[in-house]
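First the structure, in the form of C-alpha cells, and then the observations on it.
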Amino acid sequence: MAAGERRRHIAYACRGSPAAIDHPTASDYGARQSRRCVMRSRLLVRPRSIVLAAAGGLVLLGAAVAAPTVGSPNTATADPPVAVPATTPCVVPLFAGVQFADFSPKPFSFTPPAGCAAPWAKVVLAADFSVTAGRQFDRTASIWLAGTNLYFGTTAEPSRTVSPSWHVENDLTDYSPLFTAPQSGMVQLDNLVNSTFTGILSGAAELRFYPVARQTDPPRTADVVLPMSNGPSGGTVGLATTASTLARTFTLPTNIERAVLDVYAQSQAGDEFWYTCVPDEM
C-alpha cells in the first residue's frame with residue numbers, strides 16, 4: 010500500500026517570521042532488509058512566525074482522480090485530493106520518466122515559475138508512480154529540494170499480473186519561501202532489481218503554483234525554511250533507538266513568533282503493521 014503521512018506537531022510563540030527544518034527516515038536497502046523508522050524535521054519561518062517540520066509525502070500528475078473500479082487489483086486512493094483554488098496553476102516539472110532500478114539518487118533542477126511570482130494561494134506537489142508487474146517489495150521514496158523534504162512515503166507492491174500505479178498530492182504552501190529561487194533537488198527511491206526482484210519503479214513529479222485571486226488575501230506562510238536532513242542535498246537520518254538524536258545549528262531571527270514541527274512516519278519495518286499494536290486486555 011502506498012503511504013506517506015504528515016503530522017503537524019508543535020508550535021512555539023514569539024514574534025517574527027517562520028523557518029523550516031527537515032529530517033528524514035531510513036531508506037530500505039536490498040530485498041526486504043530490516044528497515045528503520047525515521048523522522049525528519051524542518052523549520053519554517055513566516056512573517057511573525059517560525060515553523061518546524063519533519064519528513065514525508067507522494068503525488069500523481071493529472072486532473073481529477075478517477076474513481077477506482079470495483080474489483081480492480083490496482084491501488085485505490087483513500088484520501089481526497091488537495092483542495093485547490095479556482096485559479097489556473099503555473100506548473101513546474103521536477104522530473105519525468107525516471108526509472109528506479111538501483112540505489113543512486115536522481116538529481117533534478119527547479120526554477121521558479123515564470124510570470125507567476127509569489128505569493129501563491131496554494132502550492133501543491135503532484136507525482137505519478139508505477140511499478141512493472143513481477144516481484145518487488147515496497148520501497149521507501151523521498152523527494153528533496155535544497156535539502157528540504159517535499160515527499161516521503163512507500164511504494165505499492167506488484168504481482169506477476171498486476172502493475173500498480175498511483176497518485177499522491179502534498180500541500181506545500183507553508184514552504185513557499187523555498188520556491189522563490191532556483192534550487193537543486195533529488196529523488197531517492199532505492200530499489201533492488203535482479204532475476205528475483207524484477208519490478209522496476211518509475212515516477213514523475215511537478216509543482217503546481219496557484220495564483221491568488223483578485224480581491225483575495227494570500228495565505229500566511231513561513232518566512233524561512235531550514236532543512237534538517239542528512240546533507241545539503243537532503244537524505245534521511247535513521248533514528249532507531251531512544252538514544253538516537255538529530256541536531257543542527259542555525260542562526261534564527263530574534264523576533265520569532267511561532268515554530269511548527271511537521272513529522273512524517275515511515276510506514277515500514279516495525280511500524281508497517283501498527284494496527285496490530287493493541288493493549289493486551291483486548
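The opening position of the sequence shown corresponds to residue 10 in our numbering, with each subsequent residue numbered one higher.
Here a beta-carbon is modelled for each residue, glycine too, at the ideal position from N, C-alpha and C.
Nearest-angstrom Cα separation, counted from residue j out to residue i
i    : j    : result
V132 : A214 : 13 Å
T230 : P102 : 23 Å
R144 : P82  : 15 Å
T96  : F206 : 44 Å
L187 : R169 : 41 Å
G268 : G80  : The sequence given here has Ala at residue 268, not Gly. Approximately 45 Å between the Cα atoms of the pair.
R57  : L235 : Only weak support exists for where R57 lies, its pLDDT of 36 falling under 50; the value from the coordinates is given anyway. Roughly 16 Å between the two C-alpha positions.
A87  : Q224 : 34 Å
T149 : R217 : 24 Å
G307 : V100 : Outside the modelled stretch of the chain, which goes from 10 to 291, sits residue 307, for which no answer is possible.
E281 : A252 : 22 Å
A126 : T258 : 31 Å
T285 : E166 : 21 Å
P262 : P288 : 45 Å
F146 : T254 : 29 Å
V91  : T250 : 34 Å
N264 : P228 : 20 Å
V171 : T141 : 8 Å
P98  : E290 : 52 Å
W283 : G106 : 33 Å
P89  : T260 : 39 Å
E266 : L134 : 27 Å
Q197 : F104 : 12 Å
L270 : P173 : 33 Å
V54  : T78  : With a pLDDT of 39 at V54, under the threshold of 50, the modelled position of this residue cannot be trusted; read the value that follows with caution. When rounded, the distance between both Cα atoms is 43 Å.
Beta-bridge pairing of residue i - partner residues as DSSP gives them
i    : result
W129 : P220
P102 : E215
E281 : Answer is none; E281 lacks a bridge partner.
N179 : L134
P116 : M195
G208 : Answer by DSSP bridge pairing: none, since G208 is not bridged.
Q145 : Q145 pairs with nothing; no bridge assigned.
Distance CB(residue i)-CB(residue j) smaller than 8 Å
i    : j    : result
W153 : T84  : no
P114 : M195 : yes
N203 : D111 : no
P128 : V233 : no
L93  : Y184 : Correcting the residue type first, residue 93 is Val in the shown sequence and not Leu. No, these two residues do not count as a Cβ contact at 8 Å.
V293 : A136 : Given a span of 10 to 291 for the chain in the structure shown, any question on residue 293 remains unanswerable.
Q277 : I209 : no
T163 : F138 : no
T182 : P121 : no
Proximity winner among the options, relative to residue i (alpha-carbon distances)
i    : options                   : result
F161 : I265, D180, G80 and A127  : D180
P116 : A87, T86, S151 and A127   : S151
A274 : P288, T245 and T285       : T245
R192 : V100, T157, P173 and T285 : The residue asked about is misnamed: residue 192 is Gln in this sequence, not Arg. Measuring from the Cα of Q192, the nearest candidate turns out to be T157.
A256 : G240, E266, P262 and T263 : G240
S242 : F282, L248, L159 and T254 : L159
A155 : A126, F119, S172 and P89  : F119
L248 : V272, E266, P227 and P228 : V272
A130 : P89, P173, D226 and L198  : D226
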